[in-house]
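Taken in sequence, the protein lines are chains A and B.
So the mapping is simple: this note's numbering equals the position in the first sequence, first residue as 1, plus 45.
So the mapping is simple: this note's numbering equals the position in the second sequence, first residue as 1, plus 1.
Yeah, the Cβ is synthetic: ideal placement off N, Cα and C, and Gly gets one too.
These numbers come from a predicted model, not from an experiment.
Here's the structure we're looking at; comments come further down.
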Amino acid sequence: MDVTTPRLAVALLLASVVVGTAVDRVPAREPIALGGYRVLAADFHTHSSTWSDGALTPWGLVLEAQHQGLDAIAVTGHRQTQDARSARWFSERIGGPTVLIGEEMPEIPHHVVAVRITETVDSSLDVAAQIAEIHRQGGVAIAAHPGPMFWKGFEPVMDRLDGTEICHPAIYQYEDAQASLEQFAQRTSAAAIGSSDFHGLGRLGLCRTFVFARDTSAEAIVESIRARRTVVYGLNGQAYGDPELIKLAAADGRLPKAAQPDYTPSALDRVSQLLGVAGLIGLVWSSRRGRAGPMESPSVPS
Amino acid sequence: MPSNPVQSCHTTVISLHQSRTWVLARRPLLLALVLGCAVSLGASGRFALRLIADGMLSFAFIPLSALAGFALVYRLRQPGLPFAEAVDRFFAGNTPWLWWWLAFMIAASVIPVQRHGEILAPLLITSLIPIVFSVFIDTRFFRDVMGRNRGGARLDVALQRIVAWPAGIAYFIGYASSSRDFFYLFVEIRDEIAAWVTKWT
């Protein structure tokens, strides 16, 4: 009976978790103030797992936002706000980032992200009525990843959108994605928004919005979006948003750097990856049917 | 106070390993652990305790829905094998999926973060491999361990999948999704695969 392989596998996995957890720290950050405003790094399009198709729980999302240096997130589950409420409850208790309650309405001709709403929007309404309802609740409506397949769906409401995603992870995946998002944004006066549309792969805040707000409250953040006081950095560091604020940020230098975090794994990250994968390979190998070891009790016939 | 704490601890561990609860839980827990590790690596590039635990919680519905499907079949067939051991044997059929998740983790470690979206289409396409393999393995299980004939084994595999897969998918997509969203999900999957194939051919 081979007990060495599974024991070694468990040891490797434990070592990997020890190393990975030791490196897993919330980055130290100084608050940024520019032009009399507090500059907040925000991600307005995220998904959690409990009642939506994300990989992290609402509270896991809040913790991850802290680790990714975000000051605010909108939790935008598909057609539900329960996850956002759970996330906000948790974040208030731990002194975490500002959590805005939102939802994504994934209709076939258009996806709208509603941010800072109080209840879910009736999905049977047409897009104009949906946006009117979002505004009635005091929230803002953002065009989610408005690529060419969604342009027709947004035609009736181009002048009513509060924000449009001009930076979305698709710009790193498809050659023409950045140009398409720019083309859409030029046809609307909506605020430039950068969002990760995080479901679990990639990084929360991979694309982020720098909001120039009076304070860190949800109300102030939404007011900033309505006033178009946002700056977003897209592919190759191209800046979008309020021209005066872009100049201010460029002169200061901190925002362009903060917008492009270095995701290169550190040496300890690589150690954690190698040890962990090796440990899991050992565990899966040991657990194959008919294989003896801690995964198979001696009393169970093979 | 035990005279030999190390031996006492060792005896306790052995007893735990032989307990029915451990036999019942170990392979579903392994599946949950692999899923949690995949979440941690996909979201952060490292194995961090908070993300592994969070991922295990998020994806607990997968082993639970598989267990629910199997429990129904077990109740209908009532084989001589105790439930805990039957579950343990059945979940061994998940091995192809565990290897598949390991392959995903290796890909997520190697591919730059900004291009992680490109993993999605290959992930979907290659999922056919564990889907097909686990059907073969589970058919053998229902035949050899549960004592069913070939036709009965195939029926039991289908029954288990009919319970487990819709329950898992419905929970994952979310209770607020409509049947239209469910259909559109497959349209999005098709478009994602088509875009990836176009890009690389």
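Can you say whether A/I134 is buried or exposed, counting buried as having 16 or more other CB atoms within 10 angstroms of its CB?
For clarity, residue 134 of chain A is Trp in the given sequence; the question names Ile instead. Result: exposed.
Would you mind sorting B/S128 into buried or exposed? The rule is 16 or more other CB atoms within 10 Å of its CB. exposed
- [ ] Give the interface partners of B/W100 over in chain A, defined as CB-CB distance under 8 Å, in chain order.
- [x] V329
Worksheet item: Listing by chain order, which chain B residues have their CB less than 7 Å from the CB of A/S317?
Response: R47, F48
**Request:** Could you spell out where the alpha helix (DSSP H) holding A/H112 opens and where it closes?
**Result:** 103-112
Closer than 7 Å to a non-hydrogen atom of the ligand GDP - does that hold for the CB of B/L129?
Although the ligand GDP was asked about, the structure shown includes no ligands whatsoever.
Next item on the list: Mind listing the chain B neighbours of A/V68? Cutoff is C-beta to C-beta under 7 Å, in chain order.
Entry: R47
Can you name the residues that DSSP bridges to A/L79? A/Y82
- Query: Interface residues of chain B around A/I349 at Cβ under 8 Å?
  - Reply: Examination of residue 349 of chain A is not possible in this model, given that chain A is present from 46 through 347 alone.
message = So with CB distances below 7 Å, who are the chain A contacts of B/I107?
response = V322
**Item:** Below-8 Å beta-carbon distance, A/A86 vs any chain B residue
**Value:** no
Straight-line gap, A/A224 to B/H117 (C-alpha atoms, nearest Å): 20 Å
Apart from the five residues just before and just after A/G245, which ones in its own chain have a Cβ nearer than 7 Å to its Cβ?
G99, A100, L101
Figure out for me which residue from A/A78, A/H112, A/A87 has the closest Cα to the Cα of A/D69.
A/H112
What residues in its chain sit with their C-beta under 8 Å from that of B/A104, if we drop five residues either side in the sequence? T127
With a threshold of 16 other CB atoms inside 10 Å of the CB of A/P76, please say whether the residue is buried or exposed.
-> exposed
Could you tell me the boundaries of the alpha helix (DSSP H) in which A/C252 lies? Run containing A/C252: none; DSSP gives neither H nor E here.
CB contact below 8 Å: B/G43 versus chain A: yes
- A/I146 versus B/Y172: straight-line alpha-carbon distance, rounded: 21 Å
Ordered along the chain, which non-local residues of its own chain (more than five positions away) have a Cβ less than 6 Å from that of B/P123?
none
**Message:** By the 8 Å beta-carbon criterion, what residues does the segment 115-128 of chain B contribute toward chain A?
**Reply:** Q115, R116, H117, G118, E119, I120, L121
Practice problem: Compute the Euclidean distance between the alpha carbons of A/A237 and A/Y219, then round it to the nearest angstrom. | Solution: 20 Å
Query raised in the report: Can you tell me whether A/E341 is buried or exposed, with buried defined as 16 or more other CB within 10 angstroms of its CB?
Result: Because the pLDDT of A/E341 is 41, which lies under 50, any placement of that residue in the model is unreliable, and the number read from its coordinates should be weighed accordingly. Answer is buried; the Cβ neighbour count reaches 16.
Rounded separation between B/A61 and A/I291 - CA only = 45 Å
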